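Asker: Going by UniProt numbering, the sequence shown wraps up at 281, each residue one higher than the last.
Where is the CB? At the ideal position from N, CA and C, for every residue including glycine.
For clarity, every value in this text was computed on a predicted model and none was experimentally measured.
The structure that follows is given in the form of structure tokens.
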Amino acid sequence: MIGKIAGALFGFLLVRHFLGALAGLWIGHLFDKALQRMNDKGNVEEWLISNDAKQSIFFYTTFSVMGHVAKASGRVTPEHIKTANDFMAQMRLNEQQVAEAKDAFREGKLLGFPLKKKIKQFKNHFGNRRDLCQFFLEIQIQTAYSDSILEADEYNLLINIAKQLGFNKRNLTQLIAMWEAEMRFQNYKQQQQEKYKQYDRKSSSSQEAKAPSLLDAYAVIGVSDRDSVRDIKRAYKRLMSQNHPDKLVAKGLPPEMMEVAKQKTQDIQSAYEIIKKARDF
């Protein structure tokens, strides 16, 4: 608007005619548009480095890649859908967020989904946050294990994602082992909760999940029975710090995913208590 007024005035004074004013008005209009584009660009760049942008990118990339992982073996199974829905429920998403998550999941299932481009965009924002990259990768591992079986196509896709995020095959193998053990912790905990909800204990399932073993506990912490107490304590503290919900959110994790992080820290704590009892420290 300032450009239009100044241009019209300058044009009129220059040629002392209304045509000069019109010419100046047009030039001022172009100036205003250029100025607006510069402001818009500044606003976009400012938004792209904001926490809101980072959290939106984390959220949408997570669900779109989940859809891609679910489709890796050829078709999306009911188990994959259940995992995605359970994940949304755990995050306590509102209707709009659920719709956005489902849109992202559907996009990931499409033929020609630009996985490399999506991961690159994700890495541009979180590449220096290894804990967030690992959190993201663990969610994809969980998706691949929806039916409790890791198929070859799913595994190869996970390797691809892991490498793009800076994790090697050995890192992925350890994360898979940790998730398999954590899955047994969660299955046991869930069954115990359902059992106590039963008024008639006789009607509970006869096929009860086994209590997590000491080996499972070691796997969740990422250590072995050969490691010293000192090393186990270090690994435990590192994991608890790495998965602390408030810290992750401050680094760009969507607040809705805090519940997922809390579940992770609870499993780590439970595993650590089992090890402490077994090793008497």
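1. For GLU180, which residues from the same chain have a beta carbon less than 8 Å from its beta carbon, with the 5 sequence-adjacent residues on both sides left out?
2. Following the continuous alpha helix (DSSP H) through LEU158, name the residue where it begins and the one where it ends.
3. Three-state secondary structure (DSSP) at THR77?
4. Threshold first: 4 residues or longer. Then list the alpha helix (DSSP H) segments lying entirely within the stretch 181 to 269, N to C.
5. So, at 7 Å on beta carbons, what are the nonlocal neighbours of LYS118 in its own chain, with the 5 sequence-adjacent residues on each side left out?
6. Given a threshold of 16 other Cβ atoms within 10 Å of its Cβ, counted over all protein chains shown, does GLY222 qualify as buried or as exposed?
7. Which stretch, first to last residue, makes up the alpha helix (DSSP H) that contains ASP280?
8. Excluding five sequence neighbours on each side, which residues of the same chain lie with their C-beta closer than 6 Å to the C-beta of ARG184?
9. Let me confirm a value: LEU110 is counted as buried when at least 16 other C-beta atoms fall within 10 Å, else exposed. Which label applies?
10. So for ARG37, helix, strand or coil by DSSP?
11. Quick one: residues in its chain with C-beta nearer than 6 Å to the C-beta of ALA101, no 5 flanking neighbours on either side, listed in chain order?
12. Mind checking whether GLY67 and PHE122 have CB atoms under 7 Å apart?
Answerer: Taking the geometry as given:
1. For the purposes of this step, residue 180 is identified with residue 180 of the sequence shown, where counting begins at 1. Cβ neighbours of GLU180 beyond the five flanking positions: TYR145 and ALA219.
2. As a first step, residue 158 is located in the sequence shown; it is residue number 158 there, counting from the start. Element bounds for LEU158: 152 to 164.
3. As a working note, residue 77 is residue 77 in the sequence shown. Note: THR77 maps to coil in three-state DSSP.
4. 214 to 221, 229 to 242 and 245 to 251
5. Counting from 1 along the sequence shown, the entry for residue 118 is found at position 118. Cβ neighbours of LYS118 beyond the five flanking positions: THR61, SER64 and VAL65.
6. Start at 1 with the first residue of the sequence shown, and residue 222 comes out as number 222. Label assigned to GLY222: buried.
7. Here the question's residue 280 lines up with position 280 in the sequence shown. It is not in any alpha helix (DSSP H) - ASP280 carries neither H nor E in the DSSP assignment.
8. Position 184 of the sequence shown, counted from the first residue, corresponds to residue 184. Taken in chain order, the residues that qualify are PRO212 and ASP216.
9. The residue you call residue 110 lines up with position 110 of the sequence shown. In the assembly as shown, LEU110 is an exposed residue. Its beta-carbon has fewer than 16 other beta-carbons within 10 Å.
10. Within the sequence shown, numbered from 1, the residue matching residue 37 stands at position 37. Note on ARG37: pLDDT 47, under 50, position unreliable in the model; the coordinate value appears next. Correct three-state label for ARG37: helix.
11. For the purposes of this step, residue 101 is taken as the residue at position 101 of the sequence shown. Taken in chain order, the residues that qualify are PHE63 and MET88.
12. What you label residue 67 is simply residue 67 of the sequence shown in a count that begins at 1. What you label residue 122 is simply residue 122 of the sequence shown in a count that begins at 1. No, they are not a contact pair.
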